[in-house]
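Below is one structure; the comments refer to it alone.
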Amino acid sequence: MYKVRVLFQKDEPACYISHLDLMKALQRSLRRAALPVRYSEGFNPHIVLSILVPLSTGYRSRYELCDFDLTCDELPSNIQDRLNAALPSGLRVLRIGQAVRPVAQAVLSDFEIVWHGVRCADAVRDALGGALTVEKRSKRGSKQVDIRDYVRSAVVSDGDDGTVCRCVLKAGDDPLNPAYLTQALIEKGILAEDTPVTYTRCAILDENGKEFF
């Protein structure tokens, strides 16, 4: 048995499919690639696969991770080419290796947020310098939180397309969806409700700020 970890990117149109549909697309691609993957036991066997630190629908990503098992003892030499040939449009494998580190060590996400058609970097920096509360929802209910408790770092600038925020946010057990930052800025009157925005994950990080793989 060989535990595999795959780093892949997710762009249009694949970024618009749900988490469940992404799982199914990856499972279909593994079957098409004719890899010796491990299946579950029982009456309805399926490929055992997990997506680490999943994103909301509509988010682009340069750093998606998924784990699965092979029934062989080492990686096939051409596994990356076989997978890329089988994947649908918008998905592309960047790296494949052995899954060694536990997902519990993936505690931060590096995001790029672009608020299009605006130039409000100074106002965003000022907002991040003070209390920035928002109602955060989870399976345990809703509560008012200060976003600053979830932001490890943030660099904000005005560019040709709008205002860009490159930020490292808490992931893991109590993550912060970057959409909450947008919502907080709307509530402060810095952004309009209809401001176009794109979210792109650039990396998953460990506690030391190093890329998790």
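In UniProt numbering, the protein residues as written are 1 to 213. The beta-carbon is built from N, C-alpha and C at its ideal position, and this holds for glycine as well.
Under the three-state reduction of DSSP output, Y180 falls in the helix class. By the criterion of a C-beta distance shorter than 7 Å, G97 is surrounded in its chain by R5, F213, once the five residues flanking it on both sides are discounted.
CA-CA distance, P36 to L87, rounds to 17 Å.
According to DSSP, R137 shares a beta bridge with S142. When secondary structure is reduced to three states using DSSP, H46 falls in the coil class, being assigned neither helix nor strand. Annotation for R31: the continuous alpha helix (DSSP H) segment containing it runs 19-32. Note that the stretch 52-67 touches the stretch 6-21; at least 3 beta-carbon pairs, one per stretch, sit closer than 8 Å.
With a threshold of 16 other beta carbon atoms within 10 Å, P196 falls short and is exposed. CA-CA distance, V48 to S40, rounds to 6 Å. Under the DSSP assignment, D67 falls in the beta strand (DSSP E) whose first and last residues are 60-70. Cβ-Cβ separation between D69 and M1: approximately 6 Å, consistent with a contact (criterion under 8 Å). Take A203, set aside five residues on each side of it, and the residues of its chain with a beta-carbon closer than 6 Å to its own are Y63, D110, E211, in chain order. With a contact defined as Cβ atoms closer than 8 Å, E207 and V164 miss out at about 26 Å. Non-local C-beta neighbours of D146 in its own chain, meaning closer than 6 Å and more than five positions away in sequence, comprise A131, T133, ordered along the chain.
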